[in-house]
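Chemist:
4 protein chains.
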Amino acid sequence: MKRIGVFTSGGDAPGMNAAVRSVVRTAIYNKVEVIGIQRGYAGLINKEFVPMNSNSVANILHRGGTVLKTSRSMAYKTEEGRKVAYQNLVEQGIDGLICIGGDGSYTGAMKLYEEHGIPCVGVPGTIDNDIYGTDVTIGFDTAINTAMEAIDRIRDTAESHNRTFFVEVMGRHTGFIALQVGLAGGAGSIFVPETQNPETWIDDVFSPERRKRTFTIIVVAEGDEDGGAINMMTKAKNKYPELEPRVAILGHIQRGGNPTAADRILATRLGNGAVEALLAGAFNQAAGLVKNDIVFTPFAEAISQKKSLNRDLYRLIQILNV
Amino acid sequence: MKRIGVFTSGGDAPGMNAAVRSVVRTAIYNKVEVIGIQRGYAGLINKEFVPMNSNSVANILHRGGTVLKTSRSMAYKTEEGRKVAYQNLVEQGIDGLICIGGDGSYTGAMKLYEEHGIPCVGVPGTIDNDIYGTDVTIGFDTAINTAMEAIDRIRDTAESHNRTFFVEVMGRHTGFIALQVGLAGGAGSIFVPETQNPETWIDDVFSPERRKRTFTIIVVAEGDEDGGAINMMTKAKNKYPELEPRVAILGHIQRGGNPTAADRILATRLGNGAVEALLAGAFNQAAGLVKNDIVFTPFAEAISQKKSLNRDLYRLIQILNV
Amino acid sequence: MKRIGVFTSGGDAPGMNAAVRSVVRTAIYNKVEVIGIQRGYAGLINKEFVPMNSNSVANILHRGGTVLKTSRSMAYKTEEGRKVAYQNLVEQGIDGLICIGGDGSYTGAMKLYEEHGIPCVGVPGTIDNDIYGTDVTIGFDTAINTAMEAIDRIRDTAESHNRTFFVEVMGRHTGFIALQVGLAGGAGSIFVPETQNPETWIDDVFSPERRKRTFTIIVVAEGDEDGGAINMMTKAKNKYPELEPRVAILGHIQRGGNPTAADRILATRLGNGAVEALLAGAFNQAAGLVKNDIVFTPFAEAISQKKSLNRDLYRLIQILNV
Amino acid sequence: MKRIGVFTSGGDAPGMNAAVRSVVRTAIYNKVEVIGIQRGYAGLINKEFVPMNSNSVANILHRGGTVLKTSRSMAYKTEEGRKVAYQNLVEQGIDGLICIGGDGSYTGAMKLYEEHGIPCVGVPGTIDNDIYGTDVTIGFDTAINTAMEAIDRIRDTAESHNRTFFVEVMGRHTGFIALQVGLAGGAGSIFVPETQNPETWIDDVFSPERRKRTFTIIVVAEGDEDGGAINMMTKAKNKYPELEPRVAILGHIQRGGNPTAADRILATRLGNGAVEALLAGAFNQAAGLVKNDIVFTPFAEAISQKKSLNRDLYRLIQILNV
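Residue numbers (my numbering), protein chains in the order written: chain S, 3 to 324; chain Y, 3 to 324; chain V, 3 to 324; chain A, 3 to 324.
1) Quick check on A/Asn61 - is its C-beta less than 8 Å from some C-beta in chain V?
2) Taking Y/Ala304 and Y/Tyr134 to be in contact with their CB atoms under 8 Å, please state how far apart those CB atoms are, rounded to whole angstroms.
3) Does the beta carbon of V/His163 come closer than 8 Å to any beta carbon on chain A?
4) Hey, how far is the Cα of S/Pro121 from the Cα of S/Ala289?
5) Name the chain S residues that come within less than 9 Å of V/Arg266, Cβ to Cβ?
6) Roughly how far, in whole angstroms, is the beta-carbon of A/Asn233 from the beta-carbon of Y/Thr262, given that I think they are within contact range, below 8 Å?
7) Please confirm whether Y/Arg248 and S/His163 have their CB atoms less than 8 Å apart.
8) What in chain A is Cβ-close to V/Ile30, meaning under 7 Å?
9) Would you mind stating whether S/Ile62 and S/Arg23 have Cβ atoms separated by less than 8 Å?
10) Does the beta-carbon distance from Y/Ile156 to Y/Ala250 come in below 8 Å?
11) Is DSSP giving A/Leu291 helix, strand or coil here?
12) Using DSSP with H/G/I as helix, E/B as strand and the rest coil, what is A/Ser191?
13) Hey, could you find the ends of the alpha helix (DSSP H) A/Glu211 is sitting in?
14) For the pair the region 317 to 324 of chain V and the region 8 to 20 of chain A, tell me if three or more CB-CB distances fall below 8 Å.
15) Distance, Cα to Cα, S/Ile153 vs S/Leu185?
16) In terms of alpha-carbon separation, which member of S/Gln89, S/Ala269, S/Leu252, S/Gly273 lies closest to S/Met172?
17) Give a yes or no on whether the minimum CB-CB distance between V/Asp130 and chain A is below 8 Å.
18) Would a check of beta-carbon distances place S/Lys4 closer than 8 Å to chain V?
19) Report the start-end ranges of each alpha helix (DSSP H) in the region 87 to 132 of chain Y that is 4 residues or longer and not cut off at the edges.
20) Would you say V/Asn312 and V/Tyr115 are within 8 Å of each other, going by their C-beta atoms?
21) Can you tell me whether V/Asp295 is buried or exposed? The criterion is at least 16 other CB atoms within 10 Å of its CB, across all chains shown.
22) Could you tell me if Y/Arg41 is buried or exposed, where buried requires 16 or more neighbouring beta carbons within 10 angstroms of its beta carbon?
23) Which residues of chain A have a Cβ atom closer than 7 Å to the Cβ of V/Ala250, listed in chain order?
24) Any idea what DSSP makes of A/Ala180, helix, strand or coil?
25) If we ignore side chains and look at the alpha-carbon of each, how far apart do V/Lys71 and V/Gly13 end up?
26) Since V/Ile321 meets chain S, which of its residues come closer than 7 Å, beta carbon to beta carbon?
27) Would V/Glu224 and V/Arg174 be called neighbours here (beta carbons separated by less than 8 Å)?
28) Would you say V/Asp14 faces chain A, with C-beta separation under 8 Å as the test?
29) Starting from V/Met54, follow its DSSP beta bridges and name the residues at the other end.
30) With distances taken Cα to Cα, identify the nearest neighbour of Y/Asp206 among Y/Pro243, Y/Ile220, Y/Arg165, Y/Ile102.
31) Run the CB neighbour count on S/Asp314, radius 10 Å, all protein chains shown included, and call it buried at 16 or more, exposed below.
32) Using the beta-carbon of each residue, which ones in chain A are nearer than 9 Å to V/Ser107?
33) If you measure from the beta carbon of S/Lys293 to each beta carbon in chain V, is any gap under 8 Å?
34) Return the first residue and the last residue of the beta strand (DSSP E) that S/Phe9 is part of.
35) If you follow the beta strand (DSSP E) that S/Thr218 is in, where does it begin and where does it stop?
36) Have a look at V/Thr144, V/Val92, V/Val125 and flag the residue whose alpha-carbon is nearest the alpha-carbon of V/Ile100.
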């Protein structure tokens, strides 16, 4: 391979820039040219190509977001769209791709290989941690630290007013963020999409023992089946109006910010590993970190399999609220 | 005076603990005893008194919230309630009070003086900065830094996706937080309750020039007459559906957290000044910082007057978005 | 077992409080009483015992340092000292111990078992990460994030002035902190005790290619054989006086601060695992996290074995500075 | 005026970028062109000119350091050097200058006006706060918050080990940083260059009452006459070897980092005011903030006068350590 392309796709995640930097420099180290493709698959179709050298990625390691930008592309979802993308790649002389993103991004890469034979290796970048084939995704550690620090702030108010707070964190389909943030934030209860809430949840949360405590933080994943923090707060308030619970929805602040050390190192390792795999001819798969080792999972498997919550962590919540 | 009481009242604010520490130690330095009254006026009625010495306030300078707790008291709003409070103070041998809080807290203190002759000096503690008689209130600097850091995070996503964000900050009746946060966060527009939004605001925000920029942050005070960030975003989206603006409501995270240096120093100075004034017989008034000097404003004036926004700062927004 | 004791020992580390909380609550969950022993082995000898319940560890999860305090004890290093400690434990009815600390703490615990049969399980708490039997120690993640954020600040000055900085991080005998901080901080070179610096290191660092860059951050472990950052800076300056390199020694700030999410969760898991092992009769060993699983290593092995640096990470530094 | 130049000079300070942004956009708003001059006076001589538009300063408001870079220039200190600078300005068609920096930078600007009639307005940018004509300089608030957060971290260790720490902060000739950081960090004593230390300082610091406390933080300005933190710690240790005091020298971390809200707003206001003054023909002076109002002080006065420490703040230290 002589020239590869790199792009970020899907929601932005802290550490994506560290991954881009690692991809670019690993390629250069291996005497391979790199083209940055802006705005993900949209840029592939619209020819937003930028040649990159070592200096292009100087001083981005510590920045949140993605300097290559990202977007959703409806055009790429069509066969004609992907054909245009392919022709642009040929025109640019790009022999292979590194795709930094999530499930949807992997699907796009897989189709490009199946239809046009362009090899690609994926790097898992999303704060949600919901990608199979890696214990952690790039951006997850930063997101849980950001959410935890928000809870540390909310704790000051909760404690000063003896109040219960329902804090909603990101996670439409999975509870990875809620579980880790809940544990790290000292939550009294955690509600996640993976687990059916007991019918008695209000009374569990506001049991006589619990109400003797000065305050409680309840962490709720946005995709929980009881409808997120506002709905749960309303239900609780209807049953126990004297408690005056409050709600905080953390929202988009969880997505940005300078990446943590763990995310920078993870992104650096996976970006490096992905390029080395691509150059070695091992493509149509995604890099990941499993039990501290870099591993690769075929795109088809990464997309179709679902990663489970760590039940051991979930069990700890009950013990810690004795 | 031989023994004074100190309490925090109303919403908690970062720096209240620094004020309590300064009150306690200034009193002790002047050979006066101090009683901490917990949960504000409620504790005054329910006899939640705690003797305090220098060690009671060790290691709280840097903590958010209030170690004396705070609450709202319906009972104190009645004449009988205030009579009970008075009798408890007499029973405890408390000759004077330091009240750390906002307008409502000042009103309560004024009534106690009018009805029962208990002298009190106020210390302005609220993140909203909406107290007359002081350029800044305790907690304001921390709140604007917290909100600004949240915007710094949101900026990463806004920039990566070329998106407009409506960010809602606290301020039901005033735009102090919105104005400073908007300036510090590089907002494209700021909407505050003090100013009538022009009918053309959507087109101002999304003018052709502005849309050429990669992204825009709009800061909205929750009390703005167009109904807060969600309503404004919806109106904007209806007119320009292709823009896909997003909303972030910062909420309670603005209220907590370790106080900034400015808030710790302000709280220390005002707590000290308030006790010295009380001991010198200058009470029924609130301490404040005006043009860097400690000044005192009668409660009646502090409550009835309204502090204005700094128009010079407001004017800068337009210049900076050229 | 009916009653266990818990203490922290050696240098303090962020997350120790989270471990104490987890130990106390896991014990109570299992109907076992817990006594807190203050100031480590010194408190064992001086009878500094404090009964603990669930509330004793409320609101400490997010605090740095250790609420149980820590110290070095010369008395405990003698056989008579340990006999006194043993007698105090018998007097208190303490059947087993949880020791949170490093190698030296494990050695003390092992001797107490060998000489007096008191069972103990260890929890690895130290920012240095130099304990065998666990991939990471409690406090390490916080320390590297703190040091990395310091480097992010130094980078602003280095870049503004086009300057080289030698940044010294903790690590008298090991380069764990230096390696991770260097990678996360974008260091140009990393010098650690485990690796012999090449004789040509000055010219490697200040090669013509490197000098074309706007600035460089060099990360040095305090125990590096060239004598730490000041010595290395002086040597470099003598050879290239026109470069005006600067030094920053991060020092004690690396040891404190609120623990990160990873440290809180790690401490919670290991504290829980240690108590469950102790109650199950599996003692004289230390808990650890290896490849994401909780494992136990006999004290004798944990003390005598040396954990190696991850060579894959070390190798990346060269690639990333292409 | 049709075209102005802007540059940063001297040590970098957080908020310099916010000032540059405000200068550029205020000029454009007034239909005046702006040229960025890189690396301060050195760039003036070496023709490092960059035309700037509104977009050149997008997304720099929140960044530490200075995008225009800074340096010291020996050449500019000579008359010939300044003549070259003048000729370059004429060549570029630059009619006036905005200089962001400290005393030395003002001196350079004053000479350029005296010798060649180039008008300049100064903006005070330095973390040291040692500029006459403004209550606060750009970067000071960020620096004290950074140093205070470092002390918050050190406090964890000091408290856990019952130890005294000597913390050295920046300030070769003035104690502004030490005084504010000491107050905000809860220091037991503060040593500054402006005040002669009493001969009894060691016994004051380690009085029997003080030693009953669990720990003490001593804040020392680097320019204190007893020789900085290491010397003071050594003297204290020689007298009271059993106390094992520790030292932390904060160093360069105080200079960098994202600016606080106060610094961003201050820089924005002063940058705006400086350009408006320059365009109005009021030059050879520096902008400043005195008692919350923007004022201007002639360069000659700003350079020759010395700003005093706030004695009221100094007095508080004693009261707060009762």
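Here a beta-carbon is modelled for each residue, glycine too, at the ideal position from N, C-alpha and C. Please read these numbers as outputs of a predicted model, since none were measured by experiment.
Modeler: Taking the definition as stated:
1) Chain V contact via Cβ: absent.
2) 5 Å between Cβ atoms; contact.
3) Taking CB atoms only, V/His163 has a neighbour in chain A less than 8 Å away.
4) Roughly 14 Å between the two C-alpha positions.
5) Result: Met150, Leu185, Ala186, Gly187, Gly188.
6) A Cβ-Cβ distance of about 31 Å is found for the pair A/Asn233 and Y/Thr262, leaving them out of contact under the 8 Å criterion.
7) No, these two residues do not count as a Cβ contact at 8 Å.
8) By Cβ distance, chain A contributes nothing, its closest Cβ being about 24 Å from V/Ile30, past 7 Å.
9) Yes, they are a contact pair.
10) Yes, Cβ-Cβ distance for Y/Ile156 and Y/Ala250 is below 8 Å.
11) Residue state, collapsed to three classes: strand.
12) DSSP places A/Ser191 in the strand class (E or B) of the three-state scheme.
13) Counting along the chain, the alpha helix (DSSP H) containing A/Glu211 begins and ends at 210 to 214.
14) In this structure the region 317 to 324 of chain V does not lie against the region 8 to 20 of chain A, because fewer than three pairs of beta carbons, one per stretch, are closer than 8 Å.
15) If I take the Cα positions, the gap works out to 11 Å.
16) For S/Met172, the nearest C-alpha among the options comes from S/Leu252.
17) No - not a single Cβ of chain A is within 8 Å of the one on V/Asp130.
18) The beta-carbon of S/Lys4 is placed no less than 8 Å from the nearest beta-carbon of chain V.
19) Uninterrupted alpha helix (DSSP H) stretches at least 4 residues long and entirely within the region 87 to 132 of chain Y occur at 105 to 118, given in chain order.
20) Contact annotation: V/Asn312 and V/Tyr115 have beta-carbon atoms that are not nearer than 8 Å.
21) That one is exposed.
22) It counts as buried.
23) Neighbours of V/Ala250 on chain A, chain order: Gly253, His254, Ile255.
24) DSSP places A/Ala180 in helix when its eight states are reduced to three.
25) Near 10 Å, if we compare the C-alpha coordinates of V/Gly13 and V/Lys71.
26) Against chain S, a Cβ distance below 7 Å from V/Ile321 picks out Arg27, Thr28, Tyr31, Asn274.
27) Note that the C-beta distance between V/Glu224 and V/Arg174 is below 8 Å.
28) Chain A, which has a Cβ nearer than 8 Å to the Cβ of V/Asp14, makes this yes.
29) When DSSP reads this structure, V/Met54 sits in a beta bridge with V/Val36.
30) Put simply, of Y/Pro243, Y/Ile220, Y/Arg165, Y/Ile102 the residue whose alpha carbon is nearest the alpha carbon of Y/Asp206 is Y/Ile220.
31) So S/Asp314 ends up on the exposed side.
32) Ordered by position in chain A, no residue passes the 9 Å Cβ test against V/Ser107, which lies about 14 Å from the chain.
33) So, interface residue.
34) Here the beta strand (DSSP E) through S/Phe9 covers 5 to 10.
35) For S/Thr218, the enclosing beta strand (DSSP E) has its first and last residue at 218 to 223.
36) Here the closest residue by C-alpha is V/Val125.
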